[in-house]
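Protein chains in written order, with my numbering: chain A, 23 to 271; chain B, 165 to 419.
The following block contains the structure:
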């Protein structure tokens, strides 16, 4: 069963520069949260803290008995539950797609029969499994990245700009798969600049600005408050209003 | 660790840079043996080439490879494995790839043209230098965030070991020639793994005389079994200490 993720007073700084400060929020099983914000707002840092790639300077992230703090990195058991689709898909160029998939399955200790290989078919990569990763286009590498993220059936999926470089059909298939994970009780966190693409999928929106979480609220509530039909319209209206919306959980 | 090692090695053994390095060493080795009638003279020339080229290639290759695979390393770090396993697997694979290239490019001509203890020692010294400089490269790449600074630092480190250390040593010996500095000559050589490797091979070829007065001191110390053991231990330390530093930096690093 997926455990909720609880973030308390999370902060990260590089030198004297705080890139994330005082972030408090919770992500619950069975929801898709869209992380948005301008460039350098702290989205990637927040994701990296969650993934255990970056150690916070203050605060904590707790989930399923694991707590990440400045002094404690997440244990491998925490990472078993996590899938990650990075924005830049870069792999060892001389390996084939098949070898990469085998490597990741080996690392996770998953037998081939336990893996979810439907997406390989869906994304049309079955015939390309023996191609070298160095010979693939950016879009195909992104497809491989999506397969890696979903293949081990994670409970928590973090997607950093997942549709960047993907054609519209593939993008919709990847997002549909994220929706199925949510329906199965997983937690999906997505950062994206293309709100139209993910707004139908998102349950809540987290808006980060200058390292602070300005709001976290359900999409429906955002639309109701602003009277807008689309997130792309609702967001600027919400930001321009003087109401400083606090974290809604 | 073994999983990372296995797939990184598969990738590296098909890497163009590694293949080119093997071919370059083969061309140099074969060329020198064909040009020189006396195999010992060829080995002597090869010593100079190996002592400069092997550390340079190992350093630059490691630094560039680590920076270029940064995104993939991030993906590995999200998998259920420790960072120690990731770095150890990658380092081991890089060392083995360098050693395979060296065995093909350097070992083959040595085996064909001059089989013997001098060739064996040259191969072993070159291998030790490969490992040491791969580890030093890893230390640089894990401590510095920017690739350009990392590559720059690698070149500075190489210059320090290949040129600056020797120049300083010579200046020191010349300046302090009126004082009893013999006890310091051996420890000073230990400060530079390239010098140490060169000394060991030169002693085996019996060309210690080329190193002048200090050659006699080296022969006296490293000529014995105990001396060789000390040299091997110093080389081991040159691999272990930077390796420990790289591991420590990688485990604390924000990826």
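Just so you know, even glycine gets a beta-carbon here, dropped at the ideal spot from N, CA and C.
Checklist entry - What residue range is occupied by the uninterrupted beta strand (DSSP E) comprising residue 112 of chain A? => result As a position in the first chain, residue 112 of chain A is number 90, starting the count at 1. From DSSP, residue 112 of chain A is part of no beta strand (DSSP E); its letter is neither H nor E.
Item to check | Interface flag, residue 264 of chain B vs chain A, CB-CB below 8 angstroms | outcome: Here the question's residue 264 of chain B lines up with position 100 in the second chain. Answer no: the Cβ-Cβ gap between residue 264 of chain B and chain A never drops below 8 angstroms.
Checklist entry - Which residues mark the beginning and the end of the beta strand (DSSP E) in which residue 325 of chain B is found? => result Sequence index remark: in the second chain, residue 325 of chain B carries index 161 (1-based). Segment: none, residue 325 of chain B is in no beta strand (DSSP E) and carries neither H nor E.
Checklist entry - Nearest chain A C-beta to residue 238 of chain B closer than 8 angstroms, yes or no? => result For this step, residue 238 of chain B is matched to residue 74 along the second chain. Output row for residue 238 of chain B: interface = yes.
Checklist entry - Under three-state DSSP, which class holds residue 285 of chain A? => result The structure shown does not extend to residue 285 of chain A, since chain A is modelled only from 23 through 271, so no value can be given for it.
Item to check | Cβ of residue 121 of chain A within 8 angstroms of any chain B Cβ | outcome: Here residue 121 of chain A refers to the residue found at position 99 of the first chain. So, interface residue.
Checklist entry - Which term fits residue 185 of chain B, buried or exposed, when burial requires 16 or more other beta carbons within 10 angstroms of its beta carbon? => result Taking the first residue of the second chain as 1, we reach residue 185 of chain B at position 21. Buried is the call here.
Checklist entry - Around the C-beta of residue 408 of chain B, are 16 or more other C-beta atoms found within 10 angstroms, so that it is buried, or is it exposed? => result Translated into positions along the second chain, residue 408 of chain B becomes position 244. So residue 408 of chain B ends up on the exposed side.
Checklist entry - Quick one: any contact between the stretch 220-236 of chain B and the stretch 353-373 of chain B, if contact means 3 or more CB pairs under 8 angstroms? => result no
Checklist entry - According to a CB-to-CB cut-off of less than 9 angstroms, which residues of the stretch 111-141 of chain A neighbour chain B? => result 111, 112, 113, 114, 115, 116, 117, 121, 122, 124, 125, 126, 128, 129, 130 and 131
Item to check | Beta-carbon spacing of residue 71 of chain A, residue 235 of chain A below 8 angstroms | outcome: Within the first chain, residue 71 of chain A is the residue found at index 49, counting from 1. Within the first chain, residue 235 of chain A is the residue found at index 213, counting from 1. Cβ distance not < 8 angstroms, so residue 71 of chain A and residue 235 of chain A don't count as in contact.
Item to check | Any C-beta of chain A under 8 angstroms from that of residue 171 of chain B | outcome: Within the second chain, residue 171 of chain B is the residue found at index 7, counting from 1. Residue 171 of chain B counts as touching chain A.
Item to check | Assumed close pair residue 364 of chain B, residue 385 of chain B - CB separation to whole angstroms, cut-off 8 angstroms | outcome: Within the second chain, numbered from 1, the residue matching residue 364 of chain B stands at position 200. Within the second chain, numbered from 1, the residue matching residue 385 of chain B stands at position 221. Rounded, the Cβ-Cβ distance is 11 angstroms, inconsistent with contact.
Next on the checklist: Any beta carbon from chain A within less than 8 angstroms of residue 165 of chain B's own beta carbon?
Outcome noted: On the second chain, residue 165 of chain B is found 1 positions in, with the first residue counted as 1. It does not: the Cβ of residue 165 of chain B has no partner Cβ on chain A nearer than 8 angstroms.
Next on the checklist: Suppose you measure from the CA of residue 255 of chain A to the CA of residue 207 of chain A; what does that come to, to the nearest Å?
Outcome noted: For the purposes of this step, residue 255 of chain A is identified with residue 233 of the first chain, where counting begins at 1. For the purposes of this step, residue 207 of chain A is identified with residue 185 of the first chain, where counting begins at 1. So the alpha carbons of these two residues sit roughly 30 angstroms apart.
Item to check | Completely contained beta strand (DSSP E) runs for the stretch 156-198 of chain A, where each covers 3 or more residues | outcome: Correct list: 178-182.
Item to check | C-beta contact flag for residue 92 of chain A and residue 103 of chain A at 8 angstroms | outcome: Mapped onto the first chain, residue 92 of chain A falls at position 70. Mapped onto the first chain, residue 103 of chain A falls at position 81. Contact flag unset, no.
Checklist entry - Looking at the structure shown, is residue 206 of chain A part of a helix, part of a strand, or coil, going by DSSP? => result Position 184 of the first chain, counted from the start, is the residue given in the question as residue 206 of chain A. In the three-state reduction of the DSSP assignment, residue 206 of chain A falls in the coil class.
Checklist entry - When DSSP labels each residue in this structure, what does residue 267 of chain A get in the three-state scheme? => result Residue mapping note: residue 267 of chain A aligns to position 245 of the first chain, counting from 1. Model confidence at residue 267 of chain A stands at a pLDDT of 47, short of 50, so the residue's coordinates are unreliable; what they give is reported in the following sentence. Residue 267 of chain A falls in the coil class under three-state DSSP.
Item to check | Close beta carbons around residue 96 of chain A, own chain, < 7 angstroms, minus the five adjacent residues each side | outcome: Along the first chain, read from residue 1 onward, the residue named residue 96 of chain A stands at position 74. Cβ neighbours of residue 96 of chain A beyond the five flanking positions: 74, 88 and 90.
Checklist entry - Once you ignore the five residues that flank residue 40 of chain A on each side, which residues in its own chain have a CB closer than 6 angstroms to its CB? => result Residue mapping note: residue 40 of chain A aligns to position 18 of the first chain, counting from 1. Counting only Cβ-Cβ distances below 6 angstroms, and skipping sequence neighbours, we find 233.
Next on the checklist: By the three-class DSSP mapping on this structure, what secondary structure does residue 24 of chain A have?
Outcome noted: The residue given as residue 24 of chain A occupies position 2 in the first chain. If DSSP states are grouped into helix, strand and coil, residue 24 of chain A belongs with coil.
Item to check | Delimiting residues of the alpha helix (DSSP H) encompassing residue 292 of chain B | outcome: Numbered from its first residue, the second chain carries residue 292 of chain B at position 128. It spans 281-307 - the alpha helix (DSSP H) in which residue 292 of chain B sits, taken as one unbroken run.
Checklist entry - If you draw a straight line from the C-alpha of residue 269 of chain A to the C-alpha of residue 184 of chain A, how long is it? => result Taking the first chain and counting its residues from 1, one reaches residue 269 of chain A at position 247. Taking the first chain and counting its residues from 1, one reaches residue 184 of chain A at position 162. Low local confidence applies: a pLDDT of 45 at residue 269 of chain A is under 50, so the model's placement there is unreliable, with the coordinate-based value given in what follows. The straight-line gap from Cα to Cα measures roughly 25 angstroms.
Item to check | the stretch 106-116 of chain A touching the stretch 169-183 of chain A, judged by at least three CB pairs closer than 8 angstroms | outcome: Three or more Cβ pairs closer than 8 angstroms define a contact, and the stretch 106-116 of chain A meets that threshold against the stretch 169-183 of chain A.
Next on the checklist: Looking at residue 254 of chain B: is its Cβ nearer than 8 angstroms to the Cβ of residue 294 of chain B?
Outcome noted: As a position in the second chain, residue 254 of chain B is number 90, starting the count at 1. As a position in the second chain, residue 294 of chain B is number 130, starting the count at 1. Contact flag unset, no.
Item to check | Residue interval of the beta strand (DSSP E) (run including residue 229 of chain B) | outcome: Counted from its first residue, the second chain places residue 229 of chain B at position 65. Segment 203-232 is the alpha helix (DSSP H) holding residue 229 of chain B; no beta strand (DSSP E) there.
Item to check | Burial state of residue 338 of chain B (16 or more Cβ within 10 Å) | outcome: On the second chain, residue 338 of chain B is found 174 positions in, with the first residue counted as 1. Within a 10 Å sphere around the beta-carbon of residue 338 of chain B sit fewer than 16 other beta-carbons, which makes this residue exposed.
Checklist entry - Buried or exposed: which applies to residue 45 of chain A, given that a residue is buried once 16 or more other Cβ atoms fall within 10 Å of its Cβ? => result Here residue 45 of chain A corresponds to residue number 23 of the first chain, with the count starting at 1. It is buried - the Cβ of residue 45 of chain A has at least 16 other Cβ atoms within 10 Å.
Next on the checklist: If you measure between the beta carbons of residue 287 of chain B and residue 270 of chain B, is that distance less than 8 angstroms?
Outcome noted: Along the second chain, one-based indexing puts residue 287 of chain B at 123. Along the second chain, one-based indexing puts residue 270 of chain B at 106. It is a contact, given that the beta carbons lie within the stated cut-off.
Next on the checklist: Quick check: the Cα distance between residue 224 of chain A and residue 53 of chain A, rounded to an integer number of angstroms?
Outcome noted: Numbered from its first residue, the first chain carries residue 224 of chain A at position 202. Numbered from its first residue, the first chain carries residue 53 of chain A at position 31. Answer to the nearest angstrom: the Cα atoms are 8 angstroms apart.
Next on the checklist: Just to confirm before moving on: does the CB-CB distance between residue 415 of chain B and residue 247 of chain B stay below 8 angstroms?
Outcome noted: Walking along the second chain from the start, residue 415 of chain B turns up at place 251. Walking along the second chain from the start, residue 247 of chain B turns up at place 83. Cβ distance < 8 angstroms, so residue 415 of chain B and residue 247 of chain B count as in contact.
Checklist entry - Can you list the residues of chain B that residue 178 of chain A reaches, using a CB-CB cut of under 7 angstroms? => result Locating residue 178 of chain A in the first chain gives position 156, counting from the first residue. Within chain B, no residue comes near residue 178 of chain A; the closest Cβ sits about 11 angstroms away, beyond 7 angstroms.
Next on the checklist: What does the alpha-carbon distance come out to for the pair residue 317 of chain B and residue 304 of chain B?
Outcome noted: By 1-based counting over the second chain, the position of residue 317 of chain B is 153. By 1-based counting over the second chain, the position of residue 304 of chain B is 140. Residue 317 of chain B and residue 304 of chain B: Cα-Cα distance of roughly 7 angstroms.
Checklist entry - Which residue's Cα is closest to the Cα of residue 237 of chain A: A:219, A:252, A:263 and A:215? => result By 1-based counting over the first chain, the position of residue 237 of chain A is 215. When C-alpha distances from residue 237 of chain A are compared across A:219, A:252, A:263 and A:215, the shortest belongs to A:263.
Next on the checklist: Only counting the same chain, and skipping five residues up and downstream in sequence, which positions put a Cβ closer than 7 angstroms to that of residue 176 of chain B?
Outcome noted: Taking the second chain and counting its residues from 1, one reaches residue 176 of chain B at position 12. So the list reads 182, 257, 258 and 261, once near-sequence residues are dropped.
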